[in-house]
Amino acid sequence: MRRERGRRAKRKVCTFCVEKIEHVDYKEAARLRRFITERGKILPRRISGNCAHHQRQLTTAIKRARIMALLPFTIE
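Once you know that position 25 of the sequence shown is 1195 in our numbering, the rest is easy, because the numbers rise by one and skip nothing.
So this is what it looks like as structure tokens:
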């Protein structure tokens, strides 16, 4: 019982680092859609598992895709 309580969850790995993607592109709407919730919010780093470098690029790419109307700002 004590062992279960002290157990840590497996560390998530950055999907962009695994796939060796250097720059997150705003035109890849299908890839960006995995990192927003059903309400249209951007998933935080601790949930998505991205590294800080790629999370910053991802946020910028999602915002650009929203302005270009590739992704919605909100979902009704």
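Positions of the beta carbon are idealized from the N, C-alpha and C atoms, including for glycine.
Only a predicted model underlies this, so the values are computations on that prediction, with no experimental measurement involved.
task = Would you tell me roughly how many angstroms separate the C-alpha atoms of I1212 and K1180, rounded to the nearest one?
result = 22 Å
message = Tell me which residue opens and which closes the alpha helix (DSSP H) that F1186 is part of.
response = 1185-1188
ask   = Leaving out the 5 sequence neighbours to the left and right, which residues in its chain are closer than 8 Å to V1183 when beta-carbon positions are compared?
value = G1219
ask   = Less than 7 Å separating the beta-carbons of A1239 and V1194?
value = no
ask   = What's the C-alpha gap between T1207 and R1236?
value = 14 Å
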